[in-house]
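S.K.: Let me give you the structure first, and then I'll get to my questions.
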Amino acid sequence: MLRQALHELRLATRGRGLYEFTDQVTTWISKNKFHAGLLTLHLRHTSASLLIQENADPDVRHDLERFFTRLVPDGDPLFVHTAEGDDDMPAHVRTALTAVNLSIPVDQGRLALGTWQGIYLWEQRRSPHSRVIALHFIGE
Amino acid sequence: MLRQALHELRLATRGRGLYEFTDQVTTWISKNKFHAGLLTLHLRHTSASLLIQENADPDVRHDLERFFTRLVPDGDPLFVHTAEGDDDMPAHVRTALTAVNLSIPVDQGRLALGTWQGIYLWEQRRSPHSRVIALHFIGE
Amino acid sequence: MLRQALHELRLATRGRGLYEFTDQVTTWISKNKFHAGLLTLHLRHTSASLLIQENADPDVRHDLERFFTRLVPDGDPLFVHTAEGDDDMPAHVRTALTAVNLSIPVDQGRLALGTWQGIYLWEQRRSPHSRVIALHFIGE
Chain G
1216 MLRQALHELR LATRGRGLYE FTDQVTTWIS KNKFHAGLLT LHLRHTSASL LIQENADPDV
1276 RHDLERFFTR LVPDGDPLFV HTAEGDDDMP AHVRTALTAV NLSIPVDQGR LALGTWQGIY
1336 LWEQRRSPHS RVIALHFIGE
Chain H
1216 MLRQALHELR LATRGRGLYE FTDQVTTWIS KNKFHAGLLT LHLRHTSASL LIQENADPDV
1276 RHDLERFFTR LVPDGDPLFV HTAEGDDDMP AHVRTALTAV NLSIPVDQGR LALGTWQGIY
1336 LWEQRRSPHS RVIALHFIGE
Chain R
1216 MLRQALHELR LATRGRGLYE FTDQVTTWIS KNKFHAGLLT LHLRHTSASL LIQENADPDV
1276 RHDLERFFTR LVPDGDPLFV HTAEGDDDMP AHVRTALTAV NLSIPVDQGR LALGTWQGIY
1336 LWEQRRSPHS RVIALHFIGE
């Protein structure tokens, strides 16, 4: 019997960086006994992203951060939109280069993630923020 | 009772830039009285993108455009595929760096977008085009 | 009557490059007589991507590859995570810049792809790999 459910996660960030929240998604799935279906995550912000990346070696997150900092430097004189700080427009660009929604199948009660895949909130601003993620599940 | 629906939007662009069409999506949702579920948008082209970005200050769109123009310059001698114009291959690259599909939950009859989020078609070619977006809804 | 189905595709790559597998997805759809609904693909890896791009002129894929090689060079001294080879961290970055999941409506028994759109696995590592894609369909 197909059914659906909606939920909301709120994450507090401590400034720019990758925050894993796979466990909070997994908890929602097991608590509701979702067995098979489709999970969708949508981040309700324009200066932060959702990313699926390696959750083994922390150097991977460190290097991702370094690459994006070099590619989209804070304070770049190219940008006109600077009223909210010199990291605000870079945060919008970094968000455009990544994504704000993810879709992951659920199979036998588990997210169909690979062995090394974790789900991350990527805070793109330098200061702490409260971020909201809308979750949707449809299936059995 | 779960149900689904398909629809198609056609947008005329006036060349490179971001075109908001949140209202047209919202209209389809309210006309069909979709209350809760999942909305998917798929752009049927390889040289234009779908993007969720800030719909407040127009400078954000302007700066996004400037950044991508610098990152993927038209007429770059790196490119071999130039028969359709010197902005064609950059348009494919800009599309690969962004996305052609989006998935957004619908909750209490409204898209679960954040306060500042709008849905944009990003025309990546310099000349006007007619672009088609396939819409899918599943839910109640 | 709404129903859902899960499936898994396994693709062998011969190293970095774009591998089209639209046919394998289409075959699964027609074999199961899916008429209308939503197809989701999720790649279970952190150093390879899913991409919808032009399947006409092979130069487009060639130029995409050249652009990403220049943007994220192998052996970049910026990177700390190098134990698995000098193309490993660039593969993670290239994956973050693209995507690992896609959502495509199905209409009248066909994927709602545009005329020139093909579905590709983008192997981001230089050596051959076996890659797994989780498929989910919900609809009629």
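Protein chains in written order, with our numbering: chain G, 1216 to 1355; chain H, 1216 to 1355; chain R, 1216 to 1355. Positions of the beta carbon are idealized from the N, C-alpha and C atoms, including for glycine. These numbers come from a predicted model, not from an experiment.
I want to know whether the region 1289 to 1309 of chain H touches the region 1251 to 1266 of chain H - three or more CB-CB distances under 8 Å.
M.R.: Contact check between the region 1289 to 1309 of chain H and the region 1251 to 1266 of chain H: three or more CB pairs, one atom from each, fall below 8 Å, which counts as touching.
S.K.: Taking the alpha helix (DSSP H) that P1273 (chain G) belongs to, which residues open and close that run?
M.R.: P1273 to L1286
S.K.: With a cut-off of 8 Å, do at least 3 Cβ pairs link the region 1309 to 1324 of chain H to the region 1290 to 1297 of chain R?
M.R.: No contact exists between the region 1309 to 1324 of chain H and the region 1290 to 1297 of chain R.
S.K.: Below 7 Å on C-beta distance, what does E1269 (chain R) contact in chain H?
M.R.: T1261 and H1307
S.K.: Quick one: grab the DSSP three-state call for A1220 (chain G).
M.R.: Strand at A1220 (chain G).
S.K.: In terms of alpha-carbon separation, which member of G:G1230, G:D1302 and G:N1247 lies closest to P1215 (chain G)?
M.R.: Outside the shown range of chain G (1216 to 1355) lies residue 1215 (chain G), about which nothing can therefore be said.
S.K.: Do we get a CB-CB distance below 8 Å when we pair R1285 (chain H) with the residues of chain G?
M.R.: yes
S.K.: Within 8 Å (strictly less), CB to CB, does N1247 (chain R) reach chain G?
M.R.: no
S.K.: How would you list, in chain order, the residues of chain R whose beta-carbon sits under 7 Å from the beta-carbon of Q1332 (chain G)?
M.R.: Near Q1332 (chain G) (Cβ distances below 7 Å), the residues of chain R are R1259 and T1261.
S.K.: Can you list, in chain order, the residues of its chain whose CB lies under 8 Å from that of W1331 (chain R), leaving out five sequence neighbours each side?
M.R.: Cβ neighbours of W1331 (chain R) beyond the five flanking positions: E1269, N1270 and A1271.
S.K.: For I1319 (chain H), which residues in chain G fall below 7 Å Cβ to Cβ?
M.R.: H1257 and N1316
S.K.: Quick one, which of G:V1240, G:E1280 and G:L1265 has its alpha-carbon nearest L1341 (chain G)'s?
M.R.: Note that residue 1341 (chain G) is Arg in the sequence shown, not Leu. Answer by Cα proximity: G:E1280.
S.K.: Along the chain, where does the alpha helix (DSSP H) that runs through W1331 (chain R) open and close?
M.R.: Counting along the chain, W1331 (chain R) sits inside no alpha helix (DSSP H), nor does DSSP assign it H or E at all.
S.K.: Is it the case that the region 1229 to 1249 of chain G contacts the region 1231 to 1246 of chain H, given that we only count it when at least three CB pairs across the two stretches are under 8 Å?
M.R.: The answer is no - the region 1229 to 1249 of chain G does not touch the region 1231 to 1246 of chain H, with fewer than three Cβ pairs under 8 Å.
S.K.: For a contact meaning CB atoms closer than 8 Å, what does D1289 (chain R) contact in chain H?
M.R.: Residues of chain H passing the Cβ test: none, with the nearest at roughly 17 Å.
S.K.: DSSP three-state label for T1241 (chain H), please.
M.R.: In the structure shown, T1241 (chain H) falls within a helical segment according to DSSP collapsed to helix, strand and coil.
S.K.: With distances taken Cα to Cα, identify the nearest neighbour of L1265 (chain G) among G:V1315, G:A1227 and G:L1326.
M.R.: G:V1315
S.K.: Report the rounded CA-to-CA distance for L1217 (chain H) versus R1276 (chain G), giving the unit in angstroms.
M.R.: Answer to the nearest angstrom: the Cα atoms are 40 Å apart.
S.K.: Using C-beta distances below 6 Å, list every residue in its chain close to H1257 (chain H), excluding the 5 sequence neighbours before and after it, in chain order.
M.R.: Taken in chain order, the residues that qualify are N1316 and A1349.
S.K.: What whole-angstrom Cβ distance do T1228 (chain R) and R1346 (chain R) have, given they're in contact under 8 Å?
M.R.: 6 Å
S.K.: So, is Q1179 (chain G) buried or exposed, given that buried needs 16 or more other C-beta atoms within 10 angstroms?
M.R.: No answer is possible for residue 1179 (chain G): it lies beyond the span of chain G, which begins at 1216 and ends at 1355.
S.K.: Any C-beta of chain G within less than 7 Å: which residues of the region 1216 to 1242 of chain R qualify?
M.R.: L1217, Q1219 and L1221
S.K.: If we define contact as Cβ-Cβ less than 8 Å, is L1336 (chain R) a contact residue for chain H?
M.R.: Chain H, which has no Cβ nearer than 8 Å to the Cβ of L1336 (chain R), makes this no.
S.K.: Let's test the definition: count the other Cβ atoms within 10 Å of the Cβ of Q1219 (chain G) and tell me whether it reaches 16, buried, or not, exposed.
M.R.: buried
S.K.: Using three-state DSSP, classify P1320 (chain G) as helix, strand or coil.
M.R.: strand
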